[in-house]
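Novice: In mature numbering (1 follows the signal peptide of the UniProt record, and there is no 0), the protein residues as written are -21 to -1, 1 to 687.
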Ligand code: GCV
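#1: Relative to the ligand GCV, is the shortest distance from any of its heavy atoms to the C-beta of residue 449 smaller than 6 Å?
#2: Taking DSSP as the reference, what is the three-state secondary structure of residue 261?
#3: If we ignore side chains and look at the alpha-carbon of each, how far apart do residue 191 and residue 497 end up?
#4: Would you call the stretch 169 to 187 in contact with the stretch 393 to 404, where contact means no fewer than 3 C-beta pairs closer than 8 Å?
#5: Whole angstroms is fine: what's the gap from residue 635's alpha carbon to residue 390's?
#6: Give the straight-line distance between the Cα atoms of residue 673 and residue 15, rounded to the nearest whole angstrom.
#7: In the structure shown, what three-state DSSP assignment does residue 151 receive?
#8: For residue 358, name the three-state secondary structure that DSSP assigns.
#9: Three-state secondary structure (DSSP) at residue 138?
#10: Can you tell me whether residue 272 is helix, strand or coil according to DSSP?
#11: Can you tell me the Cβ-Cβ gap for residue 441 and residue 162, rounded? I've got them flagged as a contact below 8 Å.
#12: Please determine if the stretch 165 to 175 and the stretch 446 to 453 are in contact, where contact requires at least 3 C-beta pairs separated by less than 8 Å.
#13: Between the Cα of residue 236 and those of 284, 385, 261 and 445, spot the shortest distance and give me the residue it belongs to.
#14: Is any heavy atom in the ligand GCV found nearer than 6 Å to the beta carbon of residue 38?
#15: How should residue 275 be labelled, buried or exposed, when 16 other C-beta atoms within 10 angstroms of its C-beta is the threshold for buried?
#16: Look at the Cβ atom of residue 345, then the Cβ atom of residue 377, and state whether they are nearer than 7 Å.
#17: Say yes only if the C-beta of residue 278 is nearer than 6 Å to one or more non-hydrogen atoms of the ligand GCV, and no if none qualify.
#18: Which residues in the same chain have their Cβ closer than 6 Å to the Cβ of residue 59, if we skip the five residues on either side of it in sequence?
#19: Taking a contact to mean a Cβ-Cβ separation below 7 Å, would you say residue 34 touches residue 111 in this structure?
#20: Pick out whichever of 311, 430, 272 and 340 has its Cα sitting closest to the Cα of residue 350.
#21: The beta strand (DSSP E) with residue 69 in it runs from where to where?
#22: Give the DSSP bridge partners of residue 752, in chain order.
#23: Ignore the nearest five residues each way along the sequence and tell me which others in residue 638's own chain have a CB closer than 8 Å to its CB.
#24: Less than 7 Å between the beta carbons of residue 86 and residue 139, yes or no?
#25: Hey, how far is the Cα of residue -11 from the Cα of residue 104?
#26: What did DSSP end up calling residue 180 once you bin it into helix, strand or coil?
#27: Who are the near neighbours of residue 124 in its chain, counting only those whose CB is closer than 7 Å to its CB and skipping five residues on each side?
#28: In terms of residues, what are the limits of the alpha helix (DSSP H) holding residue 171?
#29: Go to residue 635, then tell me how far its alpha helix (DSSP H) extends in each direction, as first and last residue.
#30: So, at 6 Å on beta carbons, what are the nonlocal neighbours of residue 397 in its own chain, with the 5 sequence-adjacent residues on each side left out?
#31: Going by DSSP, name the residue or residues bridged to residue 350.
#32: Could you tell me whether the stretch 334 to 343 touches the stretch 300 to 319, using the rule of 3 or more Cβ pairs below 8 Å?
#33: Ignoring anything shorter than 4 residues, give me the alpha helix (DSSP H) runs that lie fully in the stretch 561 to 623, in order along the chain.
#34: Drop a sphere of 10 angstroms on the beta-carbon of residue 306, count the other beta-carbons inside from all chains shown, and report buried for 16 or more, exposed for fewer.
#35: Would you mind stating whether residue 495 and residue 386 have Cβ atoms separated by less than 7 Å?
#36: Check residue 133 in the structure and name its three-state DSSP category.
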């Protein structure tokens, strides 16, 4: 009696406090009370949680349902017996579930179904799967519906992931520094592992499971060989043990030269039998500790990393040697196609295709080639990577960057769902029309998507409240690459800010990425960033060691025009796409304006669809970008009082930073392009606040994330 009184008091306090301070730690799993009518409706369909199996993952699923539904309804929902409104969870190992004769085997290892059914004459909801992790995913799905305030009546959901590997790539170093990380230090406290298990490890795994992420590469692709030493493997083992019940496997980035650096060999030549034997022994050692270890991620012969090319061997020879070591244990090699060599004069956008496409069909069957979404490097807008569709006999996974190295770090609000959707829905025309990037990925015999993680030790996990949405959206799109960015935004907004504000929050999010494109690099411009840290504009930079590290290499602006000629008369990068696309994109009259300057060098007087000249249009886009941020500020201000104050205030302050930095980008780029082109500003345009020299003199050496 006393116990239940205490419980009721706690609930009363929770419900009576309208907007208690929140710092974002709870992510989209806040489970705050719904409005009374919605809470009543959910409660009637969630009277108790019934499970028969004593499996750790199913226990987690039950606990999550009890926690979530109690929070949402303001009632105590706990485990119990079958009764009207019960939620019955499990696999066919539960006699009760088996008796329902549901088509569980067809769901695959991670699929689930959520159904309203009648059991023993009572209406109940069943969450069932072939394996326990499917039950966990199903539980999170039901909670998502409840969090959005939607009805739990007549549910008939059947889901299975379209991609098998849904993996976060952490660019985390052993000293906890995160390359391109804007959310504090690495979550992995290697110094205290394995002795101390920070509760955050569990919270991290739970958040990933809630969106279907099933793998984590724990360390930077610019890898330290130390990660493969026994001292670190003990720590990795601890994390793997914590993550396992949440359906998450661990992977490691492997440094190709590790046999030399920690193995005492004289070479890392993949065709040297001693090298192959070293990797086999290393794999055996890892699997003895971590039987479900996922495998290796490798960055080879790229940006100074060692690789098979150092010995005159191909990427396939390097990858296959590692694959052979992992094969007996069921592990995979994720081999990155992000390569460009300093000694090649070829357009950087072409180099990965030139090197990898001829290797199609030459990789072992447990190798998957990891290809960035676009051919350069996670720019605000790129065309899809030409390798998608061009290697039909090789599994390809797509790599996207959740952390926003090139979209304003953590302080700029940029929801990346529309960017990834744009790529996933791009038609590769290979082998035929309608073959989108999403289909190319899903049809691979080994399929996957990787996201460079944006999480760190900040209380809000990702450096800003809104960057959580990008972690969330990555999980959703990796599960179903055809999911819509707008639906995902609305779901995230409902769960993270409350169903009542889901629409206005999602509306802001959906315009945010284009805003960044507009105020940083519109019309297909790319890589105009300041050197190294990539914080702020640097379109004038022309003095770096490699031509393709300089922004001037990418925009090629001069008195006559602007843009990179990638047509047949230029670098012919367009020729790496299917003929139908090469034709459309190779003609300035038919290429989408958003990609115009990616593929073409065009005169400043060129007429655009708006009727303006290119110069006028460029300036108008920069202005539009700044105006879009101002509009977001207004939209957010209108939500004051409708969401909790602490998070509202944090977002407001970040939007103020974004507005100032959008202005900085706009002013610096306009000042520079005006000078290079010798053009006056179009009539009525507000001149940049400072002269060009002022922008050129800006130095920010301590901007975060710039490697060490
Ligand atoms: C991990 C870009 C980033 C680097 C990153 C590299 C990669 O060049 O600036 O920090 O290195 O991509 O993806 O390997």
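Beta carbons: idealized from backbone N, C-alpha and C, even for Gly.
Specialist: With the structure as the only source:
#1: Not so, every heavy atom of the ligand GCV lies at least 6 Å from the Cβ.
#2: Secondary structure of residue 261 (DSSP, three-state): helix.
#3: Going by the C-alpha atoms only, they are around 32 Å apart.
#4: No, the stretch 169 to 187 is not in contact with the stretch 393 to 404.
#5: Between residue 635 and residue 390, the C-alpha separation is close to 9 Å.
#6: So the alpha carbons of these two residues sit roughly 57 Å apart.
#7: In this structure, residue 151 counts as strand in the three-state DSSP scheme.
#8: It is coil, neither helix nor strand.
#9: The answer is strand: DSSP assigns residue 138 an E or B state.
#10: Of the three classes helix, strand and coil, the one that applies to residue 272 here is coil, per DSSP.
#11: The C-beta distance from residue 441 to residue 162 rounds to 5 Å, short enough to meet the 8 Å contact threshold.
#12: With a cut-off of 8 Å, the stretch 446 to 453 and the stretch 165 to 175 do not count as touching, because too few Cβ pairs lie within range.
#13: The candidate whose alpha carbon is nearest that of residue 236 is 284.
#14: No, the Cβ of residue 38 stays beyond 6 Å of every heavy atom of the ligand GCV.
#15: Taking a 10 Å sphere around the C-beta of residue 275, we find 16 or more other C-beta atoms and assign the residue as buried.
#16: Not in contact: residue 345 and residue 377 (Cβ atoms no closer than 7 Å).
#17: Yes, the beta carbon of residue 278 sits closer than 6 Å to at least one heavy atom of the ligand GCV.
#18: The beta carbon of residue 59 sits closer than 6 Å to those of 27, all from its chain and outside the five residues before and after it, given in chain order.
#19: Less than 7 Å separates the beta-carbon of residue 34 from that of residue 111.
#20: The option with the nearest alpha carbon to residue 350 is 430.
#21: For residue 69, the enclosing beta strand (DSSP E) starts and ends at 65 to 69.
#22: Past the boundaries of the shown model lies residue 752; the chain is included only from -21 to 687, so the question cannot be answered.
#23: Sequence-distant partners of residue 638 (beyond 5 residues in either direction) whose C-beta falls short of 8 Å from its own C-beta, in its chain, are 605, 608, 609 and 612.
#24: Closer than 7 Å, so yes.
#25: Any reading at residue -11 needs caution, since the residue's pLDDT is 45, under 50, leaving its predicted position unreliable; the model's value is listed next. For residue -11 and residue 104, the distance between alpha carbons rounds to 25 Å.
#26: In the structure shown, residue 180 falls within a helical segment according to DSSP collapsed to helix, strand and coil.
#27: Taken in chain order, the residues that qualify are 131.
#28: Careful: residue 171 lies outside any alpha helix (DSSP H) and carries neither H nor E.
#29: Where residue 635 is concerned, the enclosing alpha helix (DSSP H) stretches over 624 to 656.
#30: Scanning its chain for C-beta atoms nearer than 6 Å, with the 5 sequence neighbours on each side dropped, one finds around residue 397 the residues 464 and 492, in chain order.
#31: Partner(s): 377.
#32: Contact between the stretch 334 to 343 and the stretch 300 to 319 is present, because at least three Cβ pairs lie under 8 Å.
#33: Along the stretch 561 to 623, the alpha helix (DSSP H) occurs as fully enclosed runs of 4 or more residues at 575 to 578 and 593 to 616, listed in sequence order.
#34: Buried, by the Cβ-count rule.
#35: Yes; because the gap between Cβ atoms is below 7 Å, this pair is in contact.
#36: In the displayed model, residue 133 falls within coil according to three-state DSSP, outside both helix and strand.
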